[in-house]
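The structure appears right after this line, and notes come after that.
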Amino acid sequence: MLVEMLREITQIPGISGYEDEVRAKLIEWIEPYANYKVDTIGNLIVELGEGEEKAIFMAHMDEIGLLITSITKNGKLKFRKIGGIDDRLLLGRHVELVTEKGKLDGVIGVTPVHLNLERKFETLPWHALEIDIGAESKEEALEMGVKVLDFAVFKKHFSVLNKKYVVTRSLDDRFGVIALVEAIKNLVDHDLDGKYIFAFTVQEEIGLKGAKFLANTHSPKYAIAVDSFACCSFLTGDVKLGEGAVIRAVDNSAIYTPSLARKALEIAQKNNIPIQIGVTGGGTDASVFETKSQTLALSVPIRYLHSETEMLHIRDLEALIKLIEALAFELE
Numbered sequence: 019m020l021v022e023m024l025r026e027i028t029q030i031p032g033i034s035g036y037e038d039e040v041r042a043k044l045i046e047w048i049e050p051y052a053n054y055k056v057d058t059i060g061n062l063i064v065e066l067g068e069g070e071e072k073a074i075f076m077a078h079m080d081e082i083g084l085l086i087t088s089i090t091k092n093g094k095l096k097f098r099k100i101g102g103i104d105d106r107l108l109l110g111r112h113v114e115l116v117t118e119k120g121k122l123d124g125v126i127g128v129t130p131v132h133l134n135l136e137r138k139f140e141t142l143p144w145h146a147l148e149i150d151i152g153a154e155s156k157e158e159a160l161e162m163g164v165k166v167l168d169f170a171v172f173k174k175h176f177s178v179l180n181k182k183y184v185v186t187r188s189l190d191d192r193f194g195v196i197a198l199v200e201a202i203k204n205l206v207d208h209d210l211d212g213k214y215i216f217a218f219t220v221q222e223e224i225g226l227k228g229a230k231f232l233a234n235t236h237s238p239k240y241a242i243a244v245d246s247f248a249c250c251s252f253l254t255g256d257v258k259l260g261e262g263a264v265i266r267a268v269d270n271s272a273i274y275t276p277s278l279a280r281k282a283l284e285i286a287q288k289n290n291i292p293i294q295i296g297v298t299g300g301g302t303d304a305s306v307f308e309t310k311s312q313t314l315a316l317s318v319p320i321r322y323l324h325s326e327t328e329m330l331h332i333r334d335l336e337a338l339i340k341l342i343e344a345l346a347f348e349l350e
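The numbering used here puts the first residue of the sequence shown at 19, with every later residue one more than the last.
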C-alpha cells in the first residue's frame with residue numbers, strides 16, 4: 019500500500035508556490051478520516067485532540083523544479099531553478115511542463131559530442147540552458163499554451179528495486195506527507211493528551227515559507243519536522259538505508275533540542291521501532307520554531323537526494339510512521 023501511495027503522490031508535479039495538485043490529492047486522502055483547513059499561504063492543516071497545542075508535525079508538499087521566465091523568438095523556454103538543483107543534473111533531461119491548458123513534454127538538449135570541436139565538457143550553468151518543446155517560434159509556443167510563470171519538473175520515472183527500494187523524483191518530501199497521512203488515519207479515533215497539529219507545508223524548498231507562517235500563528239510545546247535525511251557519506255556517519263527511521267539531530271539549519279531527541283530515541287527503543295540518529299546537511303521546517311518550541315526533525319535516509327533517482331527503503335518509512343504515532347501517545 020505504501021509503495022502505491024508513493025507512486026501516486028510522487029508523480030504529481032508541484033514546485034514551491036505551485037502545490038495545488040498535491041494538496042488536492044492529500045485532501046482526497048484525508049477527507050474520509052478528519053476535518054482539515056487551508057491557511058492563507060496554502061498550508062494544509064489537520065488538528066486532532068483538544069486543549070493546548072502539544073505538538074505540530076510538519077511535512078512539505080513542494081518539490082524542486084524549474085520556473086519559466088521567458089520564451090525566445092525561436093520557441094525555446096528560458097527558466098530559473100526553484101530549490102537546490104545541481105546544474106550537472108539539468109543537461110540532457112526530459113521535463114514535464116505544467117500549463118493552464120495541460121501538460122507538455124520538453125527536453126533540455128545537449129550539443130552532440132560529434133559537434134563539440136573544442137572538446138570542452140564542463141558543466142553548463144542553468145542560465146545557459148533552454149527547454150525545447152518542439153516549437154519553432156515564440157508564437158507557436160504561445161499557441162501550445164506556454165506562458166511565463168508556468169513551471170516544469172523532471173520527467174518522473176518510478177522504480178522499485180529488489181522489492182524494497184523505491185526510487186523516483188520528489189520522494190523529498192512526499193514520503194513525509196504520506197507518513198503524516200497514515201499517522202492521522204491511525205490516530206483519529208484515539209484520545210490524545212492535548213491538541214496535535216499535522217501541517218502539510220508549502221514553499222519549504224525556497225526558505226521554509228509555509229513553516230514561518232505557521233510559527234506566527236502556533237506555539238506548540240513541540241515542533242517536529244518530517245523531512246529527508248540526505249544520505250550517505252562520511253558526513254552522515256553510520257546511518258544506512260534499511261536500518262530504520264532517523265532522528266535528524268543536527269543539520270545546517272538547527273541543533274534540534276537534545277533532550278527531545280533523546281526522548282524520541284527512548285520512545286522508539288521502548289516500542290521496538292528501528293531507529294537511527296545522525297547529522298546531515300540542509301534544513302527543515304522545525305528550525306523556525308526554535309525560539310518558542312522544543313524542536314526535532316524525523317526522517318528516513320534518502321540516497322541521491324535532490325536528483326531524479328532519490329531512493330528510500332520502504333521498511334524505514336514503515337518505522338517512521340510507527341514513531342510518529344508513538345510520539346503522539348507518549349510525549350509528555
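We put the beta carbon where it would ideally sit given N, CA and C, even for glycine.
On the three-state DSSP scale, how would you describe residue i?
{"i": "PHE193", "result": "helix"}
{"i": "GLN287", "result": "helix"}
{"i": "HIS145", "result": "helix"}
{"i": "MET79", "result": "coil"}
{"i": "LEU109", "result": "coil"}
{"i": "THR313", "result": "strand"}
{"i": "PRO31", "result": "coil"}
{"i": "LYS258", "result": "coil"}
{"i": "ARG280", "result": "helix"}
{"i": "THR58", "result": "coil"}
{"i": "VAL199", "result": "helix"}
{"i": "VAL353", "result": "Here the chain comprises residues numbered 19 to 350, so residue 353 is not present and cannot be evaluated."}
{"i": "LEU323", "result": "coil"}
{"i": "ILE89", "result": "strand"}
At which residues does the beta strand (DSSP E) containing residue i begin and terminate?
{"i": "MET19", "result": "Per DSSP, MET19 belongs to no beta strand (DSSP E) and is neither H nor E."}
{"i": "ALA241", "result": "240-244"}
{"i": "LEU66", "result": "62-66"}
{"i": "VAL220", "result": "Where VAL220 is concerned, there is no enclosing beta strand (DSSP E), given that its DSSP letter is neither H nor E."}
{"i": "ILE295", "result": "293-297"}
Pull up the CB-CB distance for residue i and residue j, whole angstroms please, since I reckon it's below 8 Å.
{"i": "ILE100", "j": "ILE82", "result": "6 Å"}
{"i": "GLY60", "j": "ARG41", "result": "7 Å"}
{"i": "PHE252", "j": "ARG266", "result": "About 17 Å separates the two Cβ atoms, so there is no contact after all."}
{"i": "PRO319", "j": "LEU259", "result": "5 Å"}
Between residue i and residue j, what straight-line distance do the alpha-carbon atoms span, to the nearest angstrom?
{"i": "HIS175", "j": "THR327", "result": "9 Å"}
{"i": "LEU198", "j": "ILE339", "result": "7 Å"}
{"i": "LYS6", "j": "GLU284", "result": "Outside the displayed range of the chain (19 to 350) lies residue 6, so it cannot be described from this structure."}
{"i": "LEU147", "j": "THR313", "result": "40 Å"}
{"i": "VAL206", "j": "TYR51", "result": "7 Å"}
{"i": "VAL113", "j": "THR28", "result": "15 Å"}
{"i": "ALA201", "j": "VAL268", "result": "24 Å"}
{"i": "ALA337", "j": "GLN294", "result": "11 Å"}
{"i": "ASP105", "j": "ARG280", "result": "38 Å"}
{"i": "TYR214", "j": "VAL220", "result": "19 Å"}
Which residue comes first and which comes last in the alpha helix (DSSP H) that contains residue i?
{"i": "LEU345", "result": "332-348"}
On the DSSP bridge list, what partners appear for residue i?
{"i": "GLY120", "result": "THR117"}
{"i": "PHE172", "result": "VAL113"}
{"i": "ILE215", "result": "GLU65 and ILE74"}
{"i": "LEU179", "result": "TYR183"}
{"i": "VAL125", "result": "HIS112 and ASP150"}
{"i": "ARG98", "result": "LEU85"}
Flag residue i as yes when its Cβ comes closer than 8 Å to any non-hydrogen atom of the ligand GTP, and as no otherwise.
{"i": "GLU284", "result": "In the structure shown, the ligand GTP is absent, as is every other ligand, since no ligand is present at all."}
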